[in-house]
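Protein chains in written order, with the numbering used here: chain V, -10 to 94; chain C, 20 to 142.
Just so you know, even glycine gets a beta-carbon here, dropped at the ideal spot from N, CA and C.
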Amino acid sequence: VLTQSPGALSLSPGERATLSCRASQSVSGNYFAWYQQKPGQAPRLLIYGVSSRATGIPDRFSGSGSGTDFTLTITSLAPEDFAVYFCQQYGGSPLTFGGGTKVEI
Amino acid sequence: EVQLVESGGALVQPGGSLRLSCEASGSSFNTYNMNWLRHAPGKGLEWVSYISPSSSTIYYAESVKGRFTISRDNAKNSLYLQMDSLRDEDTAIYYCARDGGYGDFVFWYFALWGRGTLVTVSS
């Protein structure tokens, strides 16, 4: 089970966002990803392999962590970053996703 | 830019059937490892099914095994999900998604998603 915290985060443009995802058991390897989803849009891959940015993802997005604790950091929120973010582990079966963190203004 | 577009979602009665489709733009669909995932109201995302580029390898989540069938037609750049014996708990937005790997390499994270199609199972 992946538990994301906080459930919602109220911030202003330019601020730093720190999103947490905790696994109920250690995630094998570096098999951890983060996604962004805006209302009515397709989810977008941000981070895979714990810390590798997907193609076209700005460097204000970074991922870190190991074992059971993982973090997505957005160093300076841009207006387009207000969205729902969810985590995924793919080191074990079944694949599992977190419940999401909403980053709102 | 490659896009995935799902269709076929609808309101269906319990016990009924539905066929979802996902059409990919671009010319490399025959190298994609493809998946269906779903997001039920109030729940986290759930992986549903996987199919390899040649259709030789297929996996299902336990929750849908024996009821859902994944398939693809590379000539039509299309992925399908045949859903039979539908239950209330199958109500969700269904997404098709491309794996991060190509060909024989399957990474199990999802590099490209469609916008989803809504399936509602209710009497």
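Three-state secondary structure (DSSP) of residue i
i	result
residue 4 of chain V	coil
residue 84 of chain C	coil
residue 50 of chain C	helix
residue 94 of chain C	helix
residue 109 of chain C	helix
residue 16 of chain C	The requested residue 16 of chain C does not occur in the structure, where chain C is confined to residues 20 to 142.
residue 70 of chain V	helix
residue 44 of chain V	coil
residue -7 of chain V	strand
residue 84 of chain V	coil
Residue-level contact to chain V via CB, residue i, 8 angstroms cutoff
i	result
residue 111 of chain C	no
residue 85 of chain C	no
residue 43 of chain C	no
residue 91 of chain C	no
residue 59 of chain C	no
residue 35 of chain C	no
residue 28 of chain C	no
Contact with chain C by residue i, beta-carbon distance below 8 angstroms
i	result
residue 83 of chain V	yes
residue 59 of chain V	no
residue 72 of chain V	no
residue 68 of chain V	no
residue 95 of chain V	Here chain V comprises residues numbered -10 to 94, so residue 95 of chain V is not present and cannot be evaluated.
residue 43 of chain V	yes
residue 22 of chain V	yes
Span separating the alpha-carbon of residue i from that of residue j
i	j	result
residue 95 of chain V	residue 63 of chain C	Nothing can be reported for residue 95 of chain V: it is not among the residues displayed for chain V, which extend from -10 to 94.
residue 92 of chain C	residue 77 of chain V	28 angstroms
residue 20 of chain C	residue -1 of chain V	33 angstroms
residue 75 of chain V	residue 91 of chain V	9 angstroms
residue 31 of chain V	residue 10 of chain V	21 angstroms
Residues bridged to residue i (per DSSP)
i	result
residue 30 of chain C	C/139
residue 90 of chain V	V/74
Report yes or no: do the stretch 53 to 71 of chain V and the stretch 68 to 78 of chain C share at least 3 C-beta pairs separated by less than 8 angstroms? no
Does the count of Cβ pairs from the stretch 40 to 59 of chain C and the stretch 103 to 121 of chain C closer than 8 angstroms reach three? yes
Under 8 angstroms, with one C-beta from each stretch per pair, do the stretch 81 to 88 of chain V and the stretch 39 to 46 of chain V reach the 3-pair mark? Between the stretch 81 to 88 of chain V and the stretch 39 to 46 of chain V there are fewer than three inter-stretch CB-CB distances shorter than 8 angstroms, so the stretches are not counted as touching.
Inspect the CB distances between the stretch 32 to 49 of chain C and the stretch 96 to 104 of chain C and report whether three or more fall short of 8 angstroms. Touching, yes.
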